[in-house]
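Number of protein chains: 2
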Amino acid sequence: MRTIAVDMDGVLADVLALFLDLDARDFGRRKTLEEIEGVPELQAFARIHEYLHTDGFFRNPSVIADSQDVLYRLNQSYNVYIVSAATEYPKSLTDKQAWLNEHFPFITWQQIVFCGSKQIIRADLMIDDHLKNLDFFPGETYLFHAPHNAQLEAPRHRRVRSWREIATLLL
Amino acid sequence: MRTIAVDMDGVLADVLALFLDLDARDFGRRKTLEEIEGVPELQAFARIHEYLHTDGFFRNPSVIADSQDVLYRLNQSYNVYIVSAATEYPKSLTDKQAWLNEHFPFITWQQIVFCGSKQIIRADLMIDDHLKNLDFFPGETYLFHAPHNAQLEAPRHRRVRSWREIATLLL
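First to last, the protein sequences are chains A and B. Residue numbering for the first sequence follows the working numbering, beginning at 1 and increasing consecutively. Residue numbering for the second sequence follows the working numbering, beginning at 1 and increasing consecutively.
Shown next, in the form of structure tokens:
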């Protein structure tokens, strides 16, 4: 059975929508997706570090479209792990697990990994929105499309634009 | 540079001493190490699940002898990761990271992994006191000696009895 390592922020958890909300609150205008296309998150959202360190931030994101349904089905025929680079924000750990339990109740504690570097991860396929995670991974790689990675050249990784597309590829 | 995955409970954190203390509090007598040699932890300590779910349990263990000094030196010449099966106890996550920050300040957040199953871990060497973690690991394995594993046959794994012994093998 193949093993899939699935990222959390930007792949399951819609942190981008939260960044846009908080940035609009702080700067008085909601940025459009066109405006932030190709812009690294650190540049697009001036106070992003503050948001990420806010208590409860990681308990609140909404769920990325179709991820629940598709991941539920993948979980029937693959070894699925949720792998989140979370130890940079120690206060987020319990919130992240509670968020997963709420929105992905079929994912057991055995399937959850909170790490710093993902270079320690062994799997057959990694789905992630950041090249820093995919570039060091020796297996197959899907780059989950996001404005921050929209203009990056990543020929080694297959760009996927939705969970529907992932379903088509894997189910 | 070789990568080493180091377990936390029973290898860096002396949870056994805490189990013995709490068991003595609850049952009026402190068990000897001879008494629990070869006895699985679940049998040796009747209320172990309660202890593990107690708030703050994982913030309190003392440090296993010589682990700080030897791990500090290993960290100079290996890629060291601390890999703890922690997601079974979601409330432990923040405590575990705070404990590591206090006692192993040279270990960065990038080097910490909190997981459920360790089958997702890619490294060259794993140091652990539980066969359930070592048996599925494809690389080299050190079984860190503990009363609960003292009588297990584990010919594929090298039994190590102290951090001094690990230093001799790796430094």
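Each residue gets a CB set at the ideal place from its N, CA and C atoms; glycine is no exception.
My output table needs one value for residue i: the three-state DSSP class, helix, strand or coil.
i, result
"F106/B", "coil"
"Y78/B", "coil"
"E88/B", "coil"
"T94/A", "helix"
"F114/A", "strand"
"L125/A", "strand"
"I64/A", "coil"
"D69/A", "helix"
"R2/A", "coil"
"E140/B", "strand"
"R47/B", "coil"
"R30/A", "coil"
Alpha carbon to alpha carbon, what distance is there between residue j and residue i?
i, j, result
"M126/A", "V83/A", "9 Å"
"I166/B", "Y142/B", "9 Å"
"V11/B", "L170/B", "16 Å"
"Y78/A", "R122/A", "14 Å"
"G38/B", "E153/B", "11 Å"
"T108/B", "I112/A", "20 Å"
"A24/B", "L16/B", "12 Å"
"T32/A", "L20/A", "9 Å"
"F58/B", "N101/B", "13 Å"
"D7/A", "V80/B", "23 Å"
"P155/A", "E34/B", "60 Å"
"I48/A", "R164/A", "29 Å"
"H145/A", "T94/B", "31 Å"
"A44/A", "I36/A", "6 Å"
"N60/A", "F27/B", "44 Å"
"Q97/B", "T87/A", "8 Å"
"H103/B", "T3/B", "21 Å"
"V70/A", "H130/A", "21 Å"
"L74/B", "P105/B", "14 Å"
"S194/A", "K132/B", "Given that chain A is displayed from residue 1 to residue 171, the structure contains no residue 194/A and the question cannot be resolved."
"V160/B", "Q151/A", "50 Å"
"Y72/A", "R29/B", "49 Å"
"F114/B", "L52/B", "16 Å"
"A5/A", "P138/B", "18 Å"
"S197/B", "M1/A", "Because chain B in this structure spans residues 1 to 171, residue 197/B falls outside the shown range and cannot be described."
"A65/B", "L42/B", "24 Å"
"N68/A", "D9/B", "Residue identity differs from the one stated: residue 68/A is Gln in this sequence, not Asn. Roughly 33 Å between the two C-alpha positions."
"D128/B", "Y89/B", "18 Å"
"L134/B", "A85/B", "13 Å"
"L22/A", "E50/A", "10 Å"
"S62/B", "L18/B", "9 Å"
"Q76/B", "T168/B", "15 Å"
"T140/A", "E140/B", "First, the residue type needs correcting, since residue 140/A is Glu and not Thr in the sequence shown. Answer to the nearest angstrom: the Cα atoms are 25 Å apart."
Which first and last residues belong to the beta strand (DSSP E) in which residue i is found?
i, result
"L20/A", "Per DSSP, L20/A belongs to no beta strand (DSSP E); it is in the alpha helix (DSSP H), V15 to F27."
"A167/B", "A167/B -> not in any beta strand (DSSP E); alpha helix (DSSP H) instead, spanning W163 to L170."
"V39/A", "Here V39/A belongs to no beta strand (DSSP E), and DSSP marks it neither H nor E."
"V160/A", "R158 to V160"
Would you mind reading off the limits of the alpha helix (DSSP H) that contains residue i?
i, result
"I120/B", "Where I120/B is concerned, there is no enclosing alpha helix (DSSP H), given that its DSSP letter is neither H nor E."
"N133/A", "L131 to L134"
"L222/B", "Chain B is shown only over 1 to 171; residue 222/B falls outside these bounds and no answer can be derived."
Compute the beta-carbon to beta-carbon distance between residue i and residue j, rounded to the nearest angstrom, for a pair I have assumed lies under 8 Å.
i, j, result
"K91/B", "D55/B", "6 Å"
"Q110/A", "F136/A", "Not quite, the Cβ-Cβ distance comes to about 24 Å (not below 8 Å), so this is no contact."
"L40/A", "H148/A", "Before going further, note that residue 40/A is Pro rather than Leu in the sequence given. Contact flag correct, Cβ pair sits at about 6 Å."
"W176/B", "A13/B", "With chain B covering only 1 through 171, there is no way to say anything about residue 176/B."
State yes or no: is the C-beta of residue i nearer than 7 Å to some heavy atom of the ligand SAM?
i, result
"A17/A", "The model depicted lacks the ligand SAM and carries no ligand whatsoever."
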